[in-house]
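Report on one structure; see the data block that follows.
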Amino acid sequence: MESIQAIKQRFGIIGNDPKLNRSIEKAIQVSPTDISVLVTGESGVGKESIPKIIHQLSHRKHGKYIAVNCGAIPEGTIDSELFGHEKGAFTGATSTRSGYFEVADGGTIFLDEVGELPLTTQVRLLRVLENGEFIKVGSSKVQKTDVRIVAATNVNMFEAIKKEKFREDLYYRLSTVEINLPPLRERKDDIHLLFRKFASDFALKYKMPTVKLSDDAINLLVKYRWNGNIRQLRNVAEQVSVLEQNRTINGATIQNYLPTTGSNLPAVVNNSKSESDFSSEREILYKVLFDMKSDLNDLKKLTMELMKKGSDADVQKDNEHLIQKIYGDDKDEEFEAAVEDLEVLSLAEHTDIDENAISETEDKYHFAEEIEEEETLSLHDKELELIKKSLERHSGKRKLAAAELGISERTLYRKIKQFDL
Ligand SMILES: Nc1ncnc2c1ncn2[C@@H]1O[C@H](COP(=O)(O)OP(=O)(O)OP(=O)(O)O)[C@@H](O)[C@H]1O
Ligand SMILES: [Mg+2]
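Residue numbers (my numbering): 6 to 426.
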């Protein structure tokens, strides 16, 4: 049997956390059997590699592996997608079609987001699980198939059962073995490891030197909540790799990439609602903040590009004008509106919300504004800093520094004089 280490390497899984290892070990153990497996864990924890491991290590590995995202297929067509249909079964069914369960005969089907399956489809699925039988839509002929099913979900299945959105019998049938993947915040020792791996991947991809983290930056990453788990960490590593000129990232810099409101709110809210109602709201808040953060980063990037391009005095003036426009009054209104929206959203749903939570949310936005204003005021400083650093890096060789900065040697010469470097 392949060792856990070898499996991790083969499937690109990074980390040494004991809980992660246990989950991979479980996948290896169940792979030679036909037992149904349910993979659980928060969004972005890496659930998708488990069914691949199971399939590849099983006797079905030469058979088909089909991954179906149950949440992405419209309710009206999902039965036909999974089980096929007969000609004339519905308008538009011009010919007989095989479904995934027929095509994957002898292989494995991965049912991702299985909690999203409509109840009628759940009945059909239960039947396949019980005796391998299914019937095409619009047919009366019972067909047989031999498919191994691995399902995954990031929702609380017990909640779904309680709300009668998911059949209890199907749940037990699917989860003969459950493999749970731990959230990133419970795998603290893996955080820096993962970041380093992603940073080096992105350095290669974007042909830039690899970013490195200072100790305080590592500390912040380790303490962070990571609601989006490894997917979020990967995004942060990508943004930092692309946007930061200085390749050593300190705590203050990395903080800009870690939205905090989404993860702070749950702790201060005295909520009387169910956890799942609340988590979807948290998700929305989190997404709003995340989007705003990326807008902010885009603006920063644009500023940098404009500065780089500004190779003569007139263009530079134009650019400064443009930057002023970007950071001008319009933006303030937008931010205020967003803050208002967030407050309304929170207050409407939680009348007993902690006042501190709201002011904290607001502070975050104002904080973001302050950063932008500072950024505008210190454009000259930034320019100066960039030129200095580039000259240092190239031991004072103007030609190389100018090439790196994307300006002409003449302009660089002028700037050196202007800044008295
Ligand atoms: N241990 C890991 N090592 C390296 N990359 C990982 C690891 N775990 C997850 N990833 C990467 O993180 C991203 C998210 O993983 P994945 O798509 O499997 O999440 P998920 O659990 O299916 O989330 P969701 O429930 O939102 O679908 C992917 O790009 C995946 O390659
Ligand atoms: Mg997934």
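Just so you know, even glycine gets a beta-carbon here, dropped at the ideal spot from N, CA and C.
Here DSSP, grouped into helix, strand and coil, assigns A72 to strand. In the three-state reduction of the DSSP assignment, F139 falls in the strand class. A straight-line Cα-Cα distance of about 37 Å links R178 and L198. In this structure, ligand 2 has a non-hydrogen atom nearer than 7 Å to the beta-carbon of D117. Between the beta-carbon of A157 and that of V119 there is about 7 Å, and that keeps the pair under the 8 Å contact cut. E47 sits buried, since 16 or more C-beta atoms from the chains shown fall within 10 Å of its C-beta.
Its chain contains A406, L410, L417, K420, I421, F424, L426 as the residues whose beta carbon lies nearer than 8 Å to that of I392, once the 5 sequence neighbours on both sides are disregarded; these appear in chain order. For ligand 1, residues qualifying as neighbours are I18, I19, G20, S48, G49, V50, G51, K52, E53, N159, I235, R236, where qualification means a beta carbon closer than 5 Å to at least one of its heavy atoms (chain order).
In the displayed model, Q250 falls within coil according to three-state DSSP, outside both helix and strand. In this structure the stretch 124 to 140 touches the stretch 174 to 194; the number of beta carbon pairs closer than 8 Å is three or more.
Within 10 angstroms of the beta-carbon of D194 lie fewer than 16 other beta-carbons, which makes it exposed. Secondary structure at V50: coil, using DSSP grouped into helix, strand and coil.
In this chain, the beta strand (DSSP E) harbouring N185 covers 182 to 185. Non-local C-beta neighbours of D151 in its own chain, meaning closer than 7 Å and more than five positions away in sequence, comprise D110, G111, G137, ordered along the chain. 8 Å or more divides the Cβ of E80 from the Cβ of G143. In the assembly as shown, V42 is a buried residue. Its beta-carbon has 16 or more other beta-carbons within 10 Å.
The C-beta of Y105 has 16 or more other C-beta atoms within 10 Å across all chains shown, which makes the residue buried. At a Cβ-Cβ threshold of 8 Å, N302 and L263 do not count as neighbours. Residue pairing by DSSP places L43 opposite A156, E183 in a beta bridge. Here DSSP, grouped into helix, strand and coil, assigns K402 to coil. By the Cβ-count criterion, R398 is exposed, with fewer than 16 other Cβ atoms from all chains shown falling within 10 Å of its own Cβ. A straight line joining the alpha-carbon of S413 with that of G401 spans about 15 Å. Residue pairing for L218: DSSP places it in a beta bridge opposite I254. Beta bridge pairing from DSSP links I59 with no other residue.
With a 10 Å radius around the Cβ and a threshold of 16 neighbouring Cβ atoms, K13 comes out buried.
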